[in-house]
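Student: Residue numbering for the sequence shown follows the UniProt record's numbering, beginning at 1 and increasing consecutively.
Beta carbons: idealized from backbone N, C-alpha and C, even for Gly.
Bear in mind the structure is a predicted one, so any value in this text is a computation, not a measurement.
Sending over a structure as structure tokens; questions will come in a sec.
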Amino acid sequence: MTTAQKKSKPILKEVPDLVCDASTKQTYTKGKFLGKGGFARCYELTNNKTKIVYAGKVVSKTLLIKKHQRDKMKQEVQIQKMLSHPNVVKMEGFFER
Numbered sequence: 001m002t003t004a005q006k007k008s009k010p011i012l013k014e015v016p017d018l019v020c021d022a023s024t025k026q027t028y029t030k031g032k033f034l035g036k037g038g039f040a041r042c043y044e045l046t047n048n049k050t051k052i053v054y055a056g057k058v059v060s061k062t063l064l065i066k067k068h069q070r071d072k073m074k075q076e077v078q079i080q081k082m083l084s085h086p087n088v089v090k091m092e093g094f095f096e097r
């Protein structure tokens, strides 16, 4: 086994059934699990006020401890905000909890 193979993957905390954006006071109900990647999970999130359903990418802050990890996440957000194409998911917004 290589050193990379020996490293265990970080455990992602369970996402609560109700997620709140503290800055806007909007609440979202977690729906079905859509998939996962190296450091995030995706769920259906329904805005409880508007009933609009979003695909929400949930990233654990425990995986963003190092500066380069936070920088990579910020870069991903910036790139996603700039993209506009019919075959690419549009970023509607983001928040921390």
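Can you check whether the CB of V77 is closer than 8 Å to the CB of Y43?
Tutor: The residue you call residue 43 lines up with position 43 of the sequence shown. The residue you call residue 77 lines up with position 77 of the sequence shown. It is not a contact, given that the beta carbons lie outside the stated cut-off.
Student: In angstroms, rounded to a whole number, what distance separates the CA positions of C20 and T46?
Tutor: Translated into positions along the sequence shown, residue 20 becomes position 20. Translated into positions along the sequence shown, residue 46 becomes position 46. Their Cα atoms are separated by approximately 11 Å.
Student: Under a Cβ-count criterion, where at least 16 other Cβ atoms within 10 Å of its own Cβ denotes burial, should G35 be classed as buried or exposed?
Tutor: Here the question's residue 35 lines up with position 35 in the sequence shown. Result: exposed.
Student: When you compare only the Cα positions, how much space is there between E92 and K81?
Tutor: In the sequence shown, counting from the first residue as 1, residue 92 sits at position 92. In the sequence shown, counting from the first residue as 1, residue 81 sits at position 81. About 8 Å.
Student: Pop quiz: M73 and L83 are said to be a contact at Cβ under 8 Å. What is the actual Cβ separation, rounded to whole angstroms?
Tutor: Looking up residue 73 in the sequence shown gives position 73. Looking up residue 83 in the sequence shown gives position 83. Not confirmed; about 16 Å, so no contact.
Student: Which of the three DSSP states is assigned to E44 in this structure?
Tutor: Mapped onto the sequence shown, residue 44 falls at position 44. DSSP places E44 in strand when its eight states are reduced to three.
Student: Tell me whether the beta-carbon of N48 lies closer than 8 Å to the beta-carbon of T24.
Tutor: Start at 1 with the first residue of the sequence shown, and residue 48 comes out as number 48. Start at 1 with the first residue of the sequence shown, and residue 24 comes out as number 24. No; because the gap between Cβ atoms is not below 8 Å, this pair is not in contact.
Student: What is the rounded straight-line gap between the Cα of F95 and the Cα of K61?
Tutor: Counted from its first residue, the sequence shown places residue 95 at position 95. Counted from its first residue, the sequence shown places residue 61 at position 61. Roughly 12 Å separates the two Cα atoms.
Student: Give the secondary structure of V77 by DSSP, where H, G and I count as helix, E and B as strand, and everything else as coil.
Tutor: Counting from 1 along the sequence shown, the entry for residue 77 is found at position 77. Helix.
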